[in-house]
Amino acid sequence: MAGLQEVVDALVGEVRSAIEGLSHLAIVYPGWPTQANLQDVVGKGIQSHVSVYALPGERNTTRFAQAMAIERAPVVSLTASTGPGVVSFGGTVSGDHNVAVRMDRASPIVYGVPAGTTLANAALGVADAINGAMIPGIVASANGAVVTVSGSPAPRLDVIIGGTGSLIRLLRQQEKHFMVTVWAPGPDVRETLAEAIDDRLGTMDRLPLSDFPGRIRYQSTYEEEPQDRLQVFRRSLTYSVEWARTVKLPATQVIDARVMLER
279 MAGLQEVVDA LVGEVRSAIE GLSHLAIVYP GWPTQANLQD VVGKGIQSHV SVYALPGERN
339 TTRFAQAMAI ERAPVVSLTA STGPGVVSFG GTVSGDHNVA VRMDRASPIV YGVPAGTTLA
399 NAALGVADAI NGAMIPGIVA SANGAVVTVS GSPAPRLDVI IGGTGSLIRL LRQQEKHFMV
459 TVWAPGPDVR ETLAEAIDDR LGTMDRLPLS DFPGRIRYQS TYEEEPQDRL QVFRRSLTYS
519 VEWARTVKLP ATQVIDARVM LER
């Protein structure tokens, strides 16, 4: 789920932590500074800027087929008990559920129960699904949270209930370079800020993200002395971050599996 902006924001957070507590005031932000930003560095003389900029281009580093992992396992809060020709529902419908009713002389009948459904409405929906299957000699009715299925003889009923969870699917692994640039009013301040930043980012192996951590690696350093009337001393540290781009998908618990054989 981590996108480009999340990676930039994570780097900004790490840089802020790196320079926190230093005697020289500095502000950290994503993007590239404007002329007004640089004039602010020189004009006040006490405030430096640190920008975090995503460089153009990236590399697809996917090594394996798209994989899936369970993010949230299904939670089944709806319950059911059975008797001769009777299904009684209990519990709550805190999430989406599927109910499969199996009768001894018919294929399973599956009904989806949306989150928030009352037990009475769940029973009514199951009864309607049974009647909709148009099984000869079978009639279902609902009274409160109880479904009564009549037939001759009364069918033996089994009920299986499944919940809904979520999966994380890997779309790709990608690697991109990010430039962390110190804009300072003097070389000493530049050195102090840049060294503090590199001490933190350069020793990190993993960059925390919302789903899976990214791999961070130092790449290069570029330094520039003032070339014009703006006496701004610059040092750019480039790091690569490789991270997983994922998507969250709903996953319904399997409650009825059938095998089809063809000749």
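Okay, so the sequence shown: first residue is 279 according to the numbering used here, each after it adds one. Think of the CB as a built atom: it goes at the ideal place given N, C-alpha and C, for glycine as much as any other residue. Since we're looking at a predicted model, the values are computed, not measured.
For the beta strand (DSSP E) assignment, the uninterrupted runs of no fewer than 3 residues enclosed by the segment 308 to 383 are, from N- to C-terminal side, 325 to 332, 346 to 350, 356 to 361, 364 to 369, 375 to 381. Per the Cβ contact rule, the segment 423 to 442 is in contact with the segment 374 to 382 (3 or more Cβ pairs under 8 Å). Cβ atoms of Val320 and Val510 come within 8 Å of each other, at about 6 Å. Per DSSP, Thr524 is one residue of the beta strand (DSSP E) stretching across 511 to 530. Scanning the segment 381 to 441 for uninterrupted beta strand (DSSP E) segments of 3 residues or longer gives 384 to 391, 417 to 421, 424 to 428, listed from N- to C-terminal end.
In this structure, the beta-carbon distance from Gln531 to Gly394 does not fall below 8 Å. A residue is called buried once 16 or more other Cβ atoms fall within 10 Å of its Cβ, and Ala343, having fewer, is exposed.
Take Ile416, set aside five residues on each side of it, and the residues of its chain with a beta-carbon closer than 6 Å to its own are Gly429, in chain order. Three or more pairs of CB atoms, one per stretch, sit closer than 8 Å, so the segment 350 to 367 contacts the segment 392 to 410. In the DSSP assignment, Ser498 falls within the beta strand (DSSP E) that extends over 492 to 502. Assigned with DSSP and collapsed to three states, Arg468 falls in helix. In this structure Gly363 is in contact with Pro433, their Cβ atoms being roughly 6 Å apart against a cut-off of 8 Å. Within 10 angstroms of the beta-carbon of Asp483 lie fewer than 16 other beta-carbons, which makes it exposed. Scanning its chain for C-beta atoms nearer than 8 Å, with the 5 sequence neighbours on each side dropped, one finds around Arg350 the residues Gly443, Ser444, in chain order.
Taking the C-beta atoms as reference points, Leu515 is found no nearer than 8 Å to Ala280. With a contact defined as Cβ atoms closer than 8 Å, Pro352 and His327 miss out at about 49 Å. Burial check for Pro463: the Cβ neighbour count within 10 Å reaches 16 or more, so the residue is buried. By the Cβ-count criterion, Gly492 is buried, with 16 or more other Cβ atoms from all chains shown falling within 10 Å of its own Cβ. Burial state of Val437 is buried, judged by a 10 Å Cβ sphere holding 16 or more other Cβ atoms. For Gln283, the enclosing alpha helix (DSSP H) stretches over residues 282 to 297. With a threshold of 16 other beta carbon atoms within 10 Å, Leu289 meets it and is buried.
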